[in-house]
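In our numbering, the protein residues as written are 179 to 601. C-beta: ideal position from N, C-alpha, C; glycine also. Since the structure comes first, as structure tokens, the remarks are kept for the end.
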């Protein structure tokens with residue numbers, strides 16, 4: 179999320195990358211808003227089987243899936259370090275400010291998770307942020323080393339998951355599966371594979387229901403979700419946050435590199451990541467998008483190469499921040515208000531798709547969902563800059579800053595002029 183800071187202290191590169199991240203994360207989240215859960219990672223689980231839907235799934239797998247979440251985590255680590263540095267420079271307590279921010283982010287995240295949408299990431303970032311503070315003084319090399327170690331652990335966990343899926347499938351095929359094995363496989367199939375029609379129908383009926391019904395099920399199903407997410411994917415999240423700290427210290431995220439250096443790392447990152455993700459796309463398709471194939475594709479194959487994809491994205495977007503003119507300014511404004519835009523997206527999408535709104539859940543194809551994405555992107559780009567022309571912070575950024583600092587921050591901009599962020 180974006181730290182609300184005075185315009186003169188902003189870094190344009192960070193804002194533009196954050197803007198693309200908050201827009202890009204909707205490319206995958208829209209499916210989680212609009213379709214049964216398994217469709218998020220598996221195009222064969224639900225919906226149209228038209229070629230355009232599979233093409234869009236594979237395009238997103240190559241360029242967006244996991245990369246935007248990783249980029250968001252990257253930026254969260256960098257922003258946390260910036261807040262710590264600025265607090266230290268002002269003679270304030272960096273620990274007090276950091277942990278106050280994490281406390282209130284956790285509150286916002288839990289409210290978002292249980293009251294609005296099950297796919298919240300804020301509470302997860304807040305919990306990982308409790309650990310992040312202890313790495314603030316590490317040098318770049320050590321930050322990268324710790325991040326690599328964490329990614330090895332995360333990759334191993336996905337490897338164990340894939341091995342377990344294969345074991346249970348073998349047990350079921352041989353008729354030797356226990357009751358627990360069958361229950362475990364059903365759970366994994368419903369997440370990675372192709373759930374049976376009755377599971378899909380139940381999911382659709384739930385999300386087309388009224389708010390109290392959806393709320394009860396969301397609270398029940400996600401009661402321990404923050405803990406589970408912390409221990410299962412927290413390794414990867416912390417790794418990206420540490421890499422974000424390292425890249426801030428290196429100058430990448432401050433816009434300090436030369437164009438040639440940015441282009442070089444854009445090419446290197448893409449050259450390493452794209453063939454790996456191409457293999458993952460082929461693997462999933464060649465197995466008919468079965469449970470094991472999808473688990474391998476979005477887990478074991480993806481994790482080791484995701485940092486290179488994130489590096490390529492960050493390098494390319496740093497060039498956009500430098501040379502993108504008016505478009506970059508619009509995207510940067512959306513990035514300054516990433517917290518507000520992220521929550522606004524959830525409110526818009528749940529109102530469109532859930533039963534207490536327009537009830538479009540399960541009614542749109544994957545391709546049609548991306549038309550909704552384009553419309554929401556347009557709204558982000560249209561409203562963010564005019565808002566910041568009149569106000570110093572986005573509405574949620576202002577509330578977060580005020581609560582974390584224990585005082586009401588000034589929101590209005592006396593001059594009424596939108597100051598351009600520094601590169």
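Report the partner residues of residue i according to the DSSP bridge assignment.
i: residue 569; result: 590
Can you tell which of the options has the C-alpha that lies nearest to the C-alpha of residue i?
i: residue 603; options: 506, 411, 305 and 247; result: Nothing about residue 603 can be read from this structure; the chain reaches only from 179 to 601.
i: residue 254; options: 192, 354 and 295; result: 192
i: residue 590; options: 582, 481, 575 and 583; result: 575
i: residue 390; options: 239, 294 and 555; result: 294
i: residue 287; options: 518, 585, 568 and 551; result: 518
i: residue 305; options: 204, 278 and 352; result: 278
i: residue 370; options: 261, 223 and 210; result: 223
i: residue 569; options: 527, 522 and 514; result: 514
i: residue 481; options: 261, 299, 334 and 274; result: 334
i: residue 485; options: 268, 417, 260 and 359; result: 417
i: residue 414; options: 200, 540, 302 and 289; result: 302
i: residue 275; options: 267, 547 and 261; result: 261
i: residue 382; options: 217, 439 and 522; result: 217
i: residue 329; options: 412, 319, 339 and 372; result: 412
i: residue 532; options: 324, 388, 263 and 271; result: 388
i: residue 189; options: 205, 256 and 206; result: 256
Is it the case that the Cβ atoms of residue i and residue j are separated by a distance below 7 Å?
i: residue 530; j: residue 538; result: yes
i: residue 545; j: residue 234; result: yes
i: residue 337; j: residue 478; result: yes
i: residue 476; j: residue 219; result: yes
i: residue 423; j: residue 431; result: no
i: residue 419; j: residue 557; result: no
i: residue 308; j: residue 280; result: yes
i: residue 236; j: residue 459; result: yes
i: residue 290; j: residue 300; result: yes
i: residue 499; j: residue 245; result: no
Does the beta-carbon of residue i have 16 or more other beta-carbons within 10 angstroms, so that it is buried, or is it exposed?
i: residue 221; result: buried
i: residue 594; result: Summary for residue 594: the model assigns pLDDT 47, below 50, so the residue's position carries little reliability; its value from the coordinates is reported in the next sentence. Flag for residue 594 reads exposed.
i: residue 231; result: buried
i: residue 184; result: For residue 184, the predicted model reports a pLDDT of 48, less than 50, meaning its position is unreliable; a value from the coordinates is still stated below. Residue 184 is exposed by the Cβ-count criterion.
i: residue 380; result: exposed
i: residue 374; result: exposed
i: residue 394; result: exposed
i: residue 266; result: exposed
i: residue 536; result: exposed
Cβ of residue i versus every heavy atom of the ligand COA: is any distance shorter than 6 Å?
i: residue 537; result: In the structure shown, the ligand COA is absent, as is every other ligand, since no ligand is present at all.
*Would you be able to state if there are at least three C-beta pairs under 8 Å between the stretch 244 to 261 and the stretch 189 to 206?*
yes
*Stretch-stretch touch, CB-based, cutoff 8 Å, three pairs: the stretch 227 to 240 with the stretch 553 to 570*: no
*When the Cβ atoms of the stretch 447 to 459 are set against those of the stretch 506 to 518, are three or more pairs found closer than 8 Å?*
no
*Pair every Cβ in the stretch 338 to 347 with every Cβ in the stretch 441 to 450, then say whether three or more of these pairs are closer than 8 Å.*
no
*asked:* Any contact between the stretch 488 to 495 and the stretch 464 to 473? By contact I mean 3 or more CB pairs, one from each, below 8 Å.
replied: no
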